[in-house]
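Protein sequences appear in the order of chains A and B.
So the first sequence is numbered by the working numbering: it starts at 671 and just counts up by one.
So the second sequence is numbered by the working numbering: it starts at 671 and just counts up by one.
Using N, Cα and C, we set each Cβ at its ideal position, and we do this for glycine too.
Protein chains: 2
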Amino acid sequence: MAYPAQTDYPTIIATAQRLIERDGVEQLALASLASELGIKAPSLYRYVTNKTALLKGIVTITIQQLFETYSQALNTSADDPQNQMLAICHGHRQFAHAQPKNYALAFTAASAEQRADPASLVAMVLPVQAIMAQISGQEHSLSALRGMLGLIHGFILLELNQQLQRGGDLSAAFDFAVRSYLAGVATLASA
Amino acid sequence: MAYPAQTDYPTIIATAQRLIERDGVEQLALASLASELGIKAPSLYRYVTNKTALLKGIVTITIQQLFETYSQALNTSADDPQNQMLAICHGHRQFAHAQPKNYALAFTAASAEQRADPASLVAMVLPVQAIMAQISGQEHSLSALRGMLGLIHGFILLELNQQLQRGGDLSAAFDFAVRSYLAGVATLASA
DNA sequence: ATTCAAAAACTAATCAATTTAGTCTTTACA
DNA sequence: TGTAAAGACTAAATTGATTAGTTTTTGAAT
């Protein structure tokens, strides 16, 4: 029963994500964000308690979006576990490439207050672990999952941070690495 | 022919590394660093052009230290390429665990001005690629190397960022993942 | 011995950004 | 038609990096 809000939380987060993708996180000042929303910086404090909380909100939303990418990959993808897993890995990488700055922010937030809620990460990967179990066997499924997440995440970060600059087809290298890993997991499982 | 310096560049970097490890990068203020060195903040500007340059200096030194870890692993390690590679991977992980905050800073610096010189990274991994070639064959050695670096780096970052919190022996999982990957690379190479 | 100049540090001030305090404006509803 | 709550604003406080200008120390030349 009052003044009509000139913005709202989802808009703030979405706008912040857009600015981060355009200019980088370091450049994200509350003044610029507010200006982009047509308000002044102090007004943001009606929606977020401080900048750290804002960043954590961004991280949370980004993870949710990645989560949706996973769901889609799981639905649309192929018959056998190997191909399902490949679809997930490529989906993950595409997501990261589509919003590199937000992806990096989501997974390398320096301070603990900014990091994603662990529970949501677990929810995200449980179905993936089930598929991995078909490849690695139950016993190794958690370790195998962790290795795979490390592989795709690390590869992507090295790419995004310009640390794989020696040429060659990075998509092919990624595919090669994931296939190798899955093949190895399958081998060690049957041994 | 003058005032004796109360500090020097290497001391500044080493002290900054220590403070980062103790309190985190976000907490690294020039005033605290200066105070730790027994001087005032503006005096730091005689040694570094600005805070960004300081951070880049820290990153550079940290990478050099990791480089030395690699050299040691390469010297002391075993006969066959698989075991040499394992030694490198475990050495890398131990280094990261010994100085997690500086490791994360070195490899996830948001802005390009803070990142390590690409050439030094190449120099660091060339000998590793030679070993990888013995496992994967020349043709795949670069892709296989990239995958391995991604795997160990990603796994370590997930660990350090508390994103592998579901229990279990992480050292064992790391070992399992690396062995799986190497086995897979060897398999695909001979195919 | 004294002075000079350069190096290095200091204090004080500026600038940029987040955050807080207090005030004004809009609008739904009695 | 008035009023209270929500939302935004301006102004000011805070914190941290950076700059300007000044002072201190000391080795070397007179």
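Interface flag, residue i vs chain A, CB-CB below 8 Å
i, result
"residue 788 of chain B", "yes"
"residue 846 of chain B", "yes"
"residue 862 of chain B", "Because residue 862 of chain B is not part of the residues shown, which for chain B are 671 to 861, the question remains open."
"residue 737 of chain B", "no"
"residue 715 of chain B", "no"
"residue 850 of chain B", "yes"
"residue 838 of chain B", "yes"
"residue 703 of chain B", "no"
"residue 817 of chain B", "yes"
Interface flag, residue i vs chain B, CB-CB below 8 Å
i, result
"residue 763 of chain A", "no"
"residue 727 of chain A", "no"
"residue 832 of chain A", "yes"
"residue 700 of chain A", "no"
Coil, strand or helix - residue i by DSSP
i, result
"residue 785 of chain B", "coil"
"residue 721 of chain A", "helix"
"residue 836 of chain A", "coil"
"residue 694 of chain B", "coil"
"residue 769 of chain B", "coil"
"residue 709 of chain B", "coil"
"residue 677 of chain A", "coil"
"residue 745 of chain A", "helix"
"residue 861 of chain A", "coil"
"residue 863 of chain A", "Chain A is shown only over 671 to 861; residue 863 of chain A falls outside these bounds and no answer can be derived."
"residue 831 of chain B", "coil"
"residue 699 of chain A", "coil"
"residue 780 of chain B", "coil"
"residue 672 of chain B", "coil"
"residue 750 of chain A", "coil"
Per-residue contacts from residue i into chain A (C-beta, under 9 Å)
i, result
"residue 835 of chain B", "788, 791 and 792"
"residue 785 of chain B", "831, 832 and 833"
Cross-chain neighbours of residue i in chain B, by beta carbon under 8 Å
i, result
"residue 696 of chain A", "780 and 781"
"residue 822 of chain A", "820 and 824"
"residue 858 of chain A", "846, 849, 850 and 853"
Beta-carbon proximity of residue i to residue j, cut-off 8 Å
i, j, result
"residue 821 of chain A", "residue 815 of chain B", "no"
"residue 785 of chain A", "residue 808 of chain B", "no"
"residue 843 of chain A", "residue 813 of chain B", "yes"
"residue 798 of chain B", "residue 826 of chain B", "no"
"residue 854 of chain B", "residue 853 of chain A", "yes"
"residue 690 of chain B", "residue 714 of chain B", "no"
"residue 695 of chain B", "residue 796 of chain B", "no"
"residue 794 of chain B", "residue 737 of chain B", "yes"
Outcome for residue i when other beta-carbon atoms lying within 10 angstroms are tallied against a minimum of 16
i, result
"residue 746 of chain B", "exposed"
"residue 851 of chain B", "buried"
"residue 783 of chain B", "exposed"
"residue 838 of chain A", "exposed"
"residue 729 of chain A", "buried"
"residue 792 of chain A", "exposed"
"residue 811 of chain B", "buried"
"residue 673 of chain A", "exposed"
"residue 716 of chain B", "exposed"
"residue 725 of chain B", "buried"
"residue 824 of chain A", "buried"
"residue 861 of chain A", "exposed"
"residue 778 of chain B", "buried"
"residue 732 of chain B", "buried"
"residue 703 of chain B", "buried"
"residue 789 of chain B", "exposed"
"residue 806 of chain A", "buried"
"residue 692 of chain B", "exposed"
"residue 748 of chain A", "exposed"
"residue 754 of chain A", "buried"
Heavy atom of the ligand NAD within 7 Å of residue i beta-carbon
i, result
"residue 785 of chain B", "The ligand NAD is not part of the structure shown, which contains no ligands of any sort."
Interface residues of chain B facing residue i [CB-CB closer than 9 Å]
i, result
"residue 902 of chain A", "Absent from the model: residue 902 of chain A. The displayed extent of chain A is 671 to 861, so no value can be given."
"residue 827 of chain A", "777, 778, 820, 823, 824 and 827"
Contact set between residue i and chain A, taken where Cβ atoms lie within less than 8 Å
i, result
"residue 842 of chain B", "813"
"residue 744 of chain B", "Chain A residues near residue 744 of chain B: none, gap ~20 Å exceeds 8 Å."
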